[in-house]
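Residue numbers (the numbering used here): 21 to 352.
Quick reminder that beta carbons are idealized off the backbone N, C-alpha and C, glycines included.
Presented below is the structure to which this report refers.
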C-alpha cells in the first residue's frame with residue numbers, strides 16, 4: 021500500500037526453454053543431442069541418465085562471491101601444519117561475474133559413460149573395483165587423456181596458443197564424444213570442455229555463500245560426513261544443490277581447466293576469470309574433494325576447497341565433470 025492506494029503485481033521468471041542438454045551415447049558412435057525444458061517423469065537420477073546418457077544443466081550468467089572467508093572452518097592456508105603445509109590454499113573471498121552462459125554435467129562422468137566413449141574400461145578404479153558400478157564415478161581420469169594435451173618435451177607439443185582456449189585434441193575422450201554426435205548439435209559457438217574454476221564453483225554454490233552448497237556449514241545430506249568405508253557408490257546418492265547438481269562434495273576430485281597457481285591473493289571484482297596452464301606448467305586446480313578425504317570433509321569437500329595435480333595424473337580419487345562452453349575464454 022502507498023498512502024490510500026493499494027498496488028498488486030506479479031513476478032514471473034524468464035523462461036529457459038532449453039534448460040537441459042542431453043547427449044545420448046547408447047548407440048556406439050551415433051550420439052544424439054536433445055534439449056529439454058524440464059526433467060522427465062521420475063527425474064534425471066536414474067541409471068539411464070547416469071550410464072547411457074549425459075545430462076547437462078544450463079547455467080545463466082551472473083555474479084557470486086568466490087573463495088572462502090578467513091574464518092571458515094577447514095579453510096586451507098599455506099601457513100598450516102601437517103597435511104596443510106603443502107603450498108595449497110583456498111582463494112580469498114572475492115566477487116566474480118560470469119558474462120557467458122554455459123552448460124555443466126549434473127553428475128560427474130560415470131564409469132559406464134567413460135568406457136562407452138573410449139571403447140575400453142576407461143575410468144575404472146583398481147583398489148575398489150568390487151565396489152565400482154556402471155553408475156559410479158569414473159576415476160583415473162587425467163586432463164591429458166580427457167583433452168589430449170601434450171607437453172613441450174614431446175616431438176609434437178601442444179601449441180602455446182591452445183592453452184588460451186583449450187579444445188579437445190584428436191583422439192582424446194572429449195574429442196571422441198564430440199566426434200560421435202550424428203544427430204542434433206551442441207549450442208552454437210560452444211564446445212565440450214573442462215570447466216574453469218569459476219564456472220565450477222558458481223554451479224556448486226548455487227547462490228549460497230556457506231561452506232557447502234546446501235546453504236549451511238554442514239555437509240550433511242550433500243556428501244559423506246564420515247570416512248567412507250565403501251567408496252565408489254553410484255553417483256546421485258546424496259541430495260542435489262538448488263540448481264540440480266549432484267555430488268559436488270566428497271565424491272571425486274574434479275578437474276578444472278585453470279592453472280592452480282593462477283589465483284592471486286587479494287584479487288577482487290573479476291570478470292570471467294581464467295588462468296590457463298602453459299607449455300611448461302601443467303598444474304590444473306581440482307575441486308570438490310573425494311570419498312578418500314571424507315575423514316576431513318570440513319577441509320577437503322567444501323565449495324571453496326582447492327587442490328591440484330599435474331595434468332597427466334590419473335589416480336583412483338580423481339574424476340571429472342564436463343561442460344559445454346563458449347569459446348574463446350578470456351585470459352586474466
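Identify the residues that DSSP records as bridge partners of residue i: which are they?
i: residue 84; result: 116
i: residue 213; result: 343
i: residue 129; result: Answer by DSSP bridge pairing: none, since residue 129 is not bridged.
i: residue 41; result: 55, 76
i: residue 122; result: 79
i: residue 295; result: Answer is none; residue 295 lacks a bridge partner.
i: residue 22; result: 25
i: residue 301; result: 298
i: residue 338; result: 273
i: residue 166; result: Bridge partners of residue 166: none, in fact.
May I ask you to report which of helix, strand or coil DSSP gives residue i?
i: residue 79; result: strand
i: residue 189; result: coil
i: residue 95; result: coil
i: residue 326; result: strand
i: residue 197; result: helix
i: residue 203; result: strand
i: residue 307; result: strand
i: residue 47; result: coil
i: residue 312; result: helix
i: residue 71; result: helix
i: residue 157; result: strand
i: residue 137; result: helix
i: residue 318; result: helix
i: residue 181; result: helix
i: residue 104; result: Only weak support is given to the placement of residue 104: the predicted model assigns it a pLDDT of 46, under 50, and the question is left unresolved by the model.
i: residue 30; result: coil
Decide if residue i is buried, meaning its Cβ has at least 16 other Cβ atoms within 10 Å, or exposed.
i: residue 149; result: exposed
i: residue 14; result: In the structure displayed, the chain extends from 21 to 352; residue 14 sits before or after that span and is not available.
i: residue 80; result: exposed
i: residue 62; result: exposed
i: residue 49; result: exposed
i: residue 333; result: buried
i: residue 338; result: buried
i: residue 24; result: exposed
i: residue 26; result: exposed
i: residue 105; result: Interpretation of residue 105 is limited by its pLDDT of 45, a score under 50 that renders its predicted location unreliable; no figure is taken from the coordinates.
i: residue 270; result: buried
i: residue 90; result: exposed
i: residue 92; result: buried
i: residue 234; result: buried
i: residue 325; result: buried
i: residue 103; result: Only weak support is given to the placement of residue 103: the predicted model assigns it a pLDDT of 45, under 50, and the value that follows is read from those uncertain coordinates. By the 10 Å Cβ count, residue 103 comes out exposed.
i: residue 22; result: exposed
i: residue 58; result: exposed
i: residue 76; result: buried
i: residue 71; result: buried
i: residue 29; result: exposed
i: residue 315; result: For residue 315, the pLDDT reaches just 49, beneath the cut-off of 50, and the residue's location in the model is therefore unreliable, leaving the point undetermined.
i: residue 291; result: exposed
Pop quiz: residue i and residue j are said to be a contact at Cβ under 8 Å. What is the actual Cβ separation, rounded to whole angstroms?
i: residue 140; j: residue 116; result: No, residue 140 and residue 116 are not in contact; Cβ-Cβ is about 38 Å, not under 8 Å.
i: residue 223; j: residue 275; result: Contact doesn't hold; Cβ gap of about 14 Å is too wide.
i: residue 305; j: residue 129; result: The pair is not a contact, with the Cβ atoms about 18 Å apart (cut-off 8 Å).
i: residue 310; j: residue 273; result: 5 Å
i: residue 253; j: residue 266; result: Between residue 266 and residue 253 the Cβ distance is about 12 Å, and since that is not below 8 Å, they are no contact.
i: residue 318; j: residue 94; result: 3 Å
i: residue 196; j: residue 137; result: 5 Å
Checklist entry - Fully enclosed by the segment 252-282, which beta strand (DSSP E) runs are 3 residues long or longer? => result Listed in chain order, they are 273-279.
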